[in-house]
Amino acid sequence: MVFITREVVLPMNILHICLSHGFGGLEMYPLRVGKEMKALGHQVFGLTFQGSEIAEVMQREFDASWELETRGNGYKQLFKLADWIKQHQIQYVHCHKSSDLLLAVLLKKLCGFKLIYTDHMGVKKPKKDIFHRFIYRNVDQLLSISQFTLAHNKKALPVKDECIQALWLGTDISELPTEKADLKAELKLAPETFMIGIVGRLSPGKGHFELLQAMTHLDERFHLVVVGGLNAKQGGDDPYIAKLKTYVADHEIASKVTFYGFSSTPEKQLSGMDVVAIPSHLEAFGLTVIEAMAQGKAIIGANTGAIPEILDDAGVLVDPLNVDALAAAMSDLCLDQSKREVLAKAARERAEQQFDQKVHVRKLLSIYQML
356 MVFITREVVL PMNILHICLS HGFGGLEMYP LRVGKEMKAL GHQVFGLTFQ
406 GSEIAEVMQR EFDASWELET RGNGYKQLFK LADWIKQHQI QYVHCHKSSD
456 LLLAVLLKKL CGFKLIYTDH MGVKKPKKDI FHRFIYRNVD QLLSISQFTL
506 AHNKKALPVK DECIQALWLG TDISELPTEK ADLKAELKLA PETFMIGIVG
556 RLSPGKGHFE LLQAMTHLDE RFHLVVVGGL NAKQGGDDPY IAKLKTYVAD
606 HEIASKVTFY GFSSTPEKQL SGMDVVAIPS HLEAFGLTVI EAMAQGKAII
656 GANTGAIPEI LDDAGVLVDP LNVDALAAAM SDLCLDQSKR EVLAKAARER
706 AEQQFDQKVH VRKLLSIYQM L
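Okay, structure coming up:
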């Protein structure tokens, strides 16, 4: 048996649905929580797209998985999928994309499981028409990943107050490495170079373009490393990536910028950065924020979206669209070692207290149990 605080949680059979070809924070979430759920003695299953990055991990890490060629293929195989769910005695189905909810609701009608949906993006437009009322009245629990998105979701979605709540995401809080990754040596940079990094999906609104603009204001002492997939299969946005690379070439800052590419272990790259910049325009949560906090990094975050509530006073907040302010914050924090150390310590302590993945999963399991 598994224990959550004082309550006993019996083993559960849980299905995570994430029909996506991407491999960003949203897709990694069900993989991470699913792996932790398995470690706690629960059976975990997956439903995703054939040939996707997430499918490969589910095959390796979960008890079993079902792969669909297309979402439409899921409707064609509805009764076979329902039989598979009944065969594995799945009690809880957790959805991670709104576009998967109709399929999940139809399966629920056939199987009778409890349906949980985590909204990873935050709903911006009202969805209270007949179709969405049908969908959301069949969702047993809707989880918003921040207070910021919870406020939006309560206004936009036809969900009763008792069926919606905020649950911050979590990350692995392991011991800090005794030796940090030497990114400067790896990239053949001078040891005295200030390494500024950004980790995550390369897509519009994440702040990469503004960081490149800010780098034109900084001299050769500063270097920006961009960690994230450089093609669509790895979660990147191809036109956006092309725009970034064109800007670097046109403004002759290639010597100050490295496109590192995708990393399955971003904590290693984070450990080698002096400052982590996360100037997302309107982040629903900011998984990279808590990952950087867990690594004990000095962080520059956007003063918009959910980042202020996640980072609190354990970092520097700036207007993500104000390139001058962003450049000044990068320069000031890099040049002030004492301030970096104070913020790094505060960030690590806040991560330990608020964003431990194990605590998050136990809270999630307790929510399942109460349905």
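Numbering (this note's numbering), first residue to last: 356 to 726.
Idealized CB from N, CA, C, for every residue including glycine.
- One alpha carbon belongs to Gly641, the other to Leu557, and they sit about 14 Å apart.
- A straight-line Cα-Cα distance of about 41 Å links Ala540 and Lys718.
- Scanning its chain for C-beta atoms nearer than 6 Å, with the 5 sequence neighbours on each side dropped, one finds around Ala657 the residues Pro634, Ser635 and Pro675, in chain order.
- Here Met550 is bridged, per DSSP, to His578.
- Taking a 10 Å sphere around the C-beta of Lys469, we find 16 or more other C-beta atoms and assign the residue as buried.
- Within the same chain, and ignoring the five residues on either side of Gly380 in sequence, the residues whose Cβ sits closer than 6 Å to its Cβ are Leu642.
- Judged by their CB atoms, Leu566 and Tyr602 are not nearer to each other than the 7 Å cut-off.
- A Cβ-Cβ separation of about 5 Å places Gln712 in contact with Thr526 under the 8 Å criterion.
- According to the DSSP assignment, Asn368 belongs to the beta strand (DSSP E) that extends over Asn368 to Ile372.
- The C-beta separation of Ala701 from Ile655 comes to about 14 Å, leaving the pair out of contact by the 8 Å criterion.
- Cβ atoms of Asp605 and Arg695 stay farther apart than 8 Å, at about 32 Å.
- In the DSSP annotation of this structure, the continuous segment of the alpha helix (DSSP H) that includes Trp439 starts and ends at Leu433 to Gln442.
- Arg703 and Ala437 have their C-alpha atoms spaced approximately 44 Å apart.
- When only Cα atoms are considered, Glu707 and Ala649 end up about 7 Å apart.
- Under a 10 Å Cβ-count criterion, Asp537 is classified as exposed, with fewer than 16 other Cβ atoms of the shown protein chains found around its own Cβ.
- Here the alpha carbon of Arg488 sits roughly 31 Å from the alpha carbon of Gly590.
- Scanning its chain for C-beta atoms nearer than 8 Å, with the 5 sequence neighbours on each side dropped, one finds around Leu423 the residues Leu374, Leu402, Thr403, Phe404, Gln405, Gly429 and Gln432, in chain order.
- By the neighbour-count definition (other C-beta atoms within 10 Å, threshold 16), Glu607 is an exposed residue.
- Cβ-Cβ distances below 6 Å link Pro532 to Ser626 in the same chain, with the five nearest sequence neighbours on each side left out; the list follows chain order.
- Taking Met476 as reference, the option from Ala459, Gly467, Leu498 and Lys483 with the minimal CA-CA separation is Leu498.
- Taken in chain order, the complete beta strand (DSSP E) segments of 3 residues or longer contained in the stretch 574 to 654 are 577 to 582, 612 to 616 and 630 to 633.
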